[in-house]
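Take 5 as the starting number for the sequence shown in our numbering and just add one per residue.
Note that the Cβ used here is the ideal one computed from N, Cα and C, for glycine as well.
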Amino acid sequence: MDNDSRKARIKTYLEGLMTGKIRGNAMECLEFVHRNPGTNLREMSEQICMPIQSSSSALSNLMDAGIIKEVGQIKLNDSYFSKLEFVENAEEQDQLAHNRKKEKIKQLAKKGLEEYGDGLGFTLKQELETI
């Protein structure tokens, strides 16, 4: 996806959230993070009474769009949670979305090599290793 397409997708997503076309978990999570910079998944889930799996999925989608970013970690009991912030700057949103997409591709390539490496052709295996 080129830069202009990515920007248009993010803009459309934000407009959908702001106009009410996109509702539910994503909107609740976005509003909470916007009002509570530095919050974390566990705190947010408890405060908005949403199962952690649901809020995690909504946050992942918001992070894919670059609208929410991680700004550190906090240890609660024996678990670590990311501190989260809303990203207002459109250029930063675009860069975060681009970086997250690249990281997901790297993770998929690594998983593919681990699970199916023995059955892949030499050329494909080399290409996946360079990602």
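Is the distance from the Cβ of residue i to the Cβ of residue j below 8 Å?
i, j, result
"Ala3", "Ala101", "In the structure as shown, the chain starts at 5 and stops at 135, and residue 3 therefore has no counterpart that could be examined."
"Ile71", "Gln97", "yes"
"Met67", "Ser59", "no"
"Glu89", "Pro41", "yes"
"Ile135", "Ala113", "yes"
"Asn29", "Met54", "yes"
Examine chain C for any beta-carbon lying closer than 8 Å to the beta-carbon of residue i, and answer yes or no.
i, result
"Leu117", "Within the model displayed, chain C is absent; a lone protein chain is all it includes."
Quick check on this structure: which residue in the options has the alpha carbon closest to the alpha carbon of residue i?
i, options, result
"Lys11", "Asn93, Gln77, Phe126", "Asn93"
"Lys108", "Met54, Asp8, Asn65", "Asn65"
"Cys33", "Gln57, Lys15, Asn81", "Gln57"
"Val91", "Ser9, Val37, Thr16", "Val37"
Kindly list the residues whose CB is nearer than 6 Å to the CB of residue i, restricted to its own chain and excluding five residues on each side of it in sequence; keep chain order.
i, result
"Lys110", "Ile135"
Who are the Cβ neighbours of residue i in its own chain at under 8 Å, not counting the five residues just before and after it?
i, result
"Leu45", "Ile56, Ser59, Ser60, Leu63, Phe85, Ser86, Leu88"
Using 8 Å as the cut-off, can you tell me whether the stretch 83-92 makes contact with the stretch 117-127, which would need three or more C-beta pairs spanning the two stretches below that distance? The stretch 83-92 vs the stretch 117-127: no contact.
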